[in-house]
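K.L.:
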Amino acid sequence: MYILVRMFFNVFFFLFCIFKNFNLTLRSIMDEKNIPIRTYQVCNVMEPNQNNWLRTHWIRRGPAQRIYIEIKFTLRDCNSLPGVIGTCKETFNLYYLESDSDNERYAHESRFAKIDTVAADESFTQVDIGDRIMKLNTEVRDVGVLSCTGFYLAFQDVGACIALVSVHVFYKKCPLAVRNLAQFPDTVTGADTSSLVEVRGSCVNHSEEQEVPKMYCGADGEWLVPIGNCLCNPGYEERNEQCQVCKVGYYRSLSSDGGCRKCPLHSYSIEEGATSCDCDKGYYRSETDPAAMPCTRPPSAPHNLISNVNETSVLLEWSAPLSSGGRQDLTYNVVCKQCVRDTQRCMPCGDDVRYSPQRLSLRSTRVSVHQLQAHTNYTFQIWAVNGVSKHSPSLEQAVSVTLTTNQDITRDTLSLFWDEPDKPNGVILEYEVKYYEKNERSYRIVKTTSRSTDIKDLTPLTSYVFHVRARTAAGYGEFSAPFEFSTNTGEFAAPVVGGVMSSAVLLLLVAGCVVVLLLILIITFIITKRIYVDPFTYEDPNQAIREFAKEINTSCIKIEKVIGIGEFGEVCSGRLKLPGKREICVAIKTLKAGFTEQQRLDFLSEASVIGQFDHPNIIHLEGVVTKCKPVMIITEYMENSSLDMFLRKNDGRFTVIQLVGILRGIASGMKYLSDMSYVHRDLAARNILVNSNLVCKVSDFGMSRVLEDEPEGAYTTRGGKIPIRWTAPEAITYRKFTSASDVWSYGIVMWEVMSYGERPYWDMSNQDVIKAIEEGYRLPPPMECPLALHQLMLECWMRERADRPKFSQIINMLDKLIRNPATLKRTAGDTSSAPSLGSVDEWLKIIGLEQYRENFSTAGFCSLESVLPMSHEDLAKMGISCSAHQRKILSSVQELLSGMHHRQDTKVPV
């Protein structure tokens, strides 16, 4: 920004002193708007050796180290003046002299230092004078580094016809600015035209430093490269580059949070600047609850508590509370009390009592209690608790049951004991026991005046349910919760879940469980299956970017070096440090300056694609930078760069198993994409990245598009280049892309891996490649390539896309090869490869068609030599009618023939 510190010369008289050759004249003239202005003029063009000087008074420098002089003047064309050749000039000189005080007003001209010779861009003629056309010139010059307190300026005329209209003297500074909530003061630019002045900012009111805020003031008066930032204090939010207080009813708890939020459910704030909201009466917040979480309350009590006694053990089951208090951390605690019979005295159970799975913090609604004492009354309480229960403990959170353990259960008799009700309505006259076989509706009643009874004539090995109620003068009370018992042989009392049941019932139960499990798996699959969403279907592409790519603050990113050039700009390596996470290495794609909005959207569309993927063999997106320049895409850093370059650098260094492992990882990533109904369209070794652990990850989704919903759906390209050597025939001819065309490309990647990055089809032209493929030519196996792997490549290159394997099948085939390394020892280039297979059966097993062993045996094909002249007609006569299987068998036969004739693994002519 330009800041004026001196402005002189519309009225120039008091600013200039003439100290040599009184030939410059102060005059009034009219400008183009017919307004009078004052100028200094000279036009001694007829006389040679002119030396006319004009000087300013002493000008205080102030904070400036470099000053700028803007001069406005008019100048007459020498060619329009007759007879002045050799004496007329069209330039003048500008000088300056530094001084610490105004004591050099009579300094000799020799002490002045020259700044520049100034020439006019526009000159006027006699005709222009008649038409009153003023051709004004504006020239700016700078001088520095200045060190004294002030300076003089001087103008030397050497024979021009010139008029000085105005002179402005100024310096430049970066104006007061606020960036990232840090204020940077007015800052004078540096002494050099290329220097940057580092300025530390100060946080605005109600904010604090997250990282030291700094900016650089450029020589042109513009701020550059903001670094670091401040964050608003809790209770304040950023608005209009200021931290403004949160309104009543809103809060902001951490400086790293977004803006002020409305108080969550069941909470409030009554003052401005709240950092949290207070809970409504009866509602609470635990110490670990975030401020954004609604206030909650303790749960209600569990219900439907059922006990199942088995000698000195008991199984307790209950239903979850009707209200969880609005929380997800509901657990249960078991309280066990041992009570003395015929008294109200109870004490906690001893340490010898065992609970399965545990006594406290139960997640399930059942618990088994073991090692109880026989013929003893026990009361069990089941407490439902959550994170705020301790703020308001109450019996409303518990349900209890009282029972008596018994080791005297026989095949047909059971002894029951119970406690008196807590609040009987008068004197208890008698008790009524109702019992029935489980799952039966008919019941029997036994009445007794004591708090125990023997139930006789029960059916052995049967589960019974018992209820007890008391009668007073006011009538009967409510029946107790159900007690469940099982009769047995007297030697072993099994709980109902372990009782004897018929095989038919057991079978039905198992079948039911299987059906339920299958339903759960199906529902889970439907819920968890993710489908890719094409960002180009969004009406506003920016919405897709916001939805699938996380915005990253530039203060978290450090760019270290440029590692390549992409389609849209530079690719760099650097480091990313997100709050609360460790620093990691990242790759950073930048969008070059001067981009259009469409280029920006095209650049960021790749992030909208990658952001939807989460797989160990797909490049991982860390986030994007869209709110400032440069626009960036940040991904994980892959130390070993692209797969093709990595293989060429390490030619011959890996075992076959390691190479198959690389192929398996790529296939896994492609299966993930295929399962998401997604097609890559540009799968090649150059678009596979390798990290330091040799993990390969699919990348470069610039050509990718989504598949349609129907199985035969394909994406039709709208033009553009197609990588011919990696592309399936139907994609080249009809521009139709499916996962099957990706499988073809995967076969080429296999060939690249096994040849250590050799160029597919070598130096054949694209047209020759297309013609050769159309005529049935396929790439031969690379040197030392296992026959089984080349056979898999050939399957990927089947002409009919329906005949190509799916990525899931490819993974299964590779897994089989990894588990059986011996199958990888047979290479297609080995002249003894055919005999080494041993038999037709083994050969069929290797190519995955062992179901045809009987067909070959019945037809008399017992050795590999006998299958070499085989034709389509031979296979049809043998009953092998599937065209895909016929092609697969004959293709393998060709491999056997090639091996026997010493086929070379270099260029194969078409």
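Note that full-length UniProt numbering gives residue 626 to position 626 of the sequence shown, counting from 1, and the numbers run on in steps of one.
Glycine included, each C-beta is placed from N, C-alpha and C at the ideal position.
Taking C-beta to C-beta, are T189 and C217 nearer than 9 Å?
P.N.:
yes
K.L.:
At what residues does the alpha helix (DSSP H) containing F112 begin and finish?
P.N.:
No alpha helix (DSSP H) holds F112; DSSP gives it neither H nor E.
K.L.:
Quickly, what does DSSP pair C628 with across the bridge? List them, please.
P.N.:
DSSP output for C628 lists no bridge partner at all.
K.L.:
Going by DSSP, which residues form a beta bridge with E98?
P.N.:
F151
K.L.:
Apart from the five residues just before and just after W383, which ones in its own chain have a Cβ nearer than 7 Å to its Cβ?
P.N.:
Taken in chain order, the residues that qualify are Y332, N333, V335, Q397, A398.
K.L.:
Skipping 5 residues on each side, what residues in its chain have a beta carbon closer than 6 Å to that of S324?
P.N.:
P299, L330
K.L.:
In whole angstroms, what separates the C-alpha of V143 from that of V571?
P.N.:
40 Å
K.L.:
Could you check where the alpha helix (DSSP H) with G665 kicks off and where it finishes?
P.N.:
Residues 656–675.
K.L.:
May I have the straight-line CA-CA distance separating V533 from F807, to the nearest angstrom?
P.N.:
21 Å
K.L.:
What residue ranges within the stretch 545–616 form continuous beta strand (DSSP E) runs of no fewer than 3 residues, ordered along the chain?
P.N.:
The stretch 545–616 contains these whole beta strand (DSSP E) runs: 557–565, 570–576, 584–590.
K.L.:
Could you say which of E241, A884, L97, C556 lies nearest to P579 if we only look at CA atoms?
P.N.:
C556
K.L.:
Which runs of the beta strand (DSSP E) at least 3 residues long sit entirely within the stretch 157–214? Give them in chain order.
P.N.:
The stretch 157–214 is shown to contain whole beta strand (DSSP E) runs of 3 or more residues at 162–174, 177–179, 182–184, 197–200, in chain order.
K.L.:
Mind checking whether S361 and L316 have CB atoms under 9 Å apart?
P.N.:
no
K.L.:
L792 to P805, Cα distance in whole Å?
P.N.:
9 Å
K.L.:
Give the secondary structure of A834 by DSSP, where H, G and I count as helix, E and B as strand, and everything else as coil.
P.N.:
Annotation note: pLDDT 40 at A834 (below 50); position unreliable, coordinate value reported separately. Note: A834 maps to helix in three-state DSSP.
K.L.:
In the DSSP assignment, find the unbroken beta strand (DSSP E) run with K382 in it and report its ends.
P.N.:
Checking the sequence, you will find Ile at residue 382 rather than Lys. I382 -> beta strand (DSSP E) spans 377–385.
K.L.:
With respect to the beta strand (DSSP E) encompassing Y40, which residues constitute its N-terminal and C-terminal limits?
P.N.:
36–42
K.L.:
To the nearest angstrom, how far is it from the Cα of T404 to the Cα of Y431?
P.N.:
T404 and Y431 have their C-alpha atoms some 16 Å from each other.
K.L.:
When you compare only the Cα positions, how much space is there between E98 and C628?
P.N.:
For E98 and C628, the distance between alpha carbons rounds to 44 Å.
K.L.:
Would you report the Cα separation of G498 and S486, rounded to the nearest angstrom?
P.N.:
Summary for G498: the model assigns pLDDT 29, below 50, so the residue's position carries little reliability, and this model does not support an answer.
K.L.:
To which residues does DSSP link W223 through a beta bridge?
P.N.:
C217
K.L.:
Closest to R72 by C-alpha separation, out of T125, F155, G83, C232, would be which residue?
P.N.:
It should be pointed out that residue 72 corresponds to Lys in this sequence rather than to Arg. With distances taken between Cα atoms, K72 lies closest to F155.
K.L.:
Could you give the residue range of the alpha helix (DSSP H) that holds H790?
P.N.:
787–796 is the span of the alpha helix (DSSP H), which, as asked, contains H790.
K.L.:
Taking C-beta to C-beta, are T312 and Q371 nearer than 9 Å?
P.N.:
Against a cut-off of 9 Å, the Cβ pair of Q371 and T312 comes out as a contact.
K.L.:
Over what stretch of residues does the beta strand (DSSP E) that includes Y355 continue unbroken?
P.N.:
Y355 -> beta strand (DSSP E) spans 354–356.
K.L.:
Spell out the partners DSSP gives V334 in its beta bridges.
P.N.:
I382
K.L.:
Could you pull out every unbroken beta strand (DSSP E) segment of at least 3 residues lying fully inside the stretch 220–295, listed in chain order?
P.N.:
223–232, 236–239, 242–245
K.L.:
Measure the beta-carbon distance from I563 to V624 and round it to whole angstroms, keeping in mind my assumption that it falls under 8 Å.
P.N.:
No, I563 and V624 are not in contact; Cβ-Cβ is about 19 Å, not under 8 Å.
K.L.:
Would you please state the rounded distance, in angstroms, between the beta carbons of K697 and I618? I believe it to be under 8 Å.
P.N.:
6 Å
K.L.:
How many Å lie between R76 and T138 at the Cα?
P.N.:
Note on geometry: alpha-carbon atoms of R76 and T138 lie some 15 Å from one another.
K.L.:
Kindly indicate if chain D contains any beta-carbon less than 9 Å away from that of V314.
P.N.:
Among the chains of the structure shown, chain D does not appear; only one protein chain is present.
K.L.:
Taking the alpha-carbon of Y746 as reference, which of W762, S668, P821 has the nearest alpha-carbon?
P.N.:
S668
K.L.:
Closest by CA to L461, which one among V212, D742, T413?
P.N.:
Checked all of V212, D742, T413; the closest Cα to L461 is T413.
K.L.:
Give the range of the beta strand (DSSP E) segment to which Y464 is assigned.
P.N.:
463–472
K.L.:
Taking R297 and G387 to be in contact with their CB atoms under 8 Å, please state how far apart those CB atoms are, rounded to whole angstroms.
P.N.:
Actually they are not in contact, since the Cβ atoms of R297 and G387 sit about 11 Å apart, beyond 8 Å.
K.L.:
Would the beta-carbon of K434 fall within 9 Å of that of F380?
P.N.:
In this structure, F380 does not lie closer than 9 Å to K434 by Cβ.
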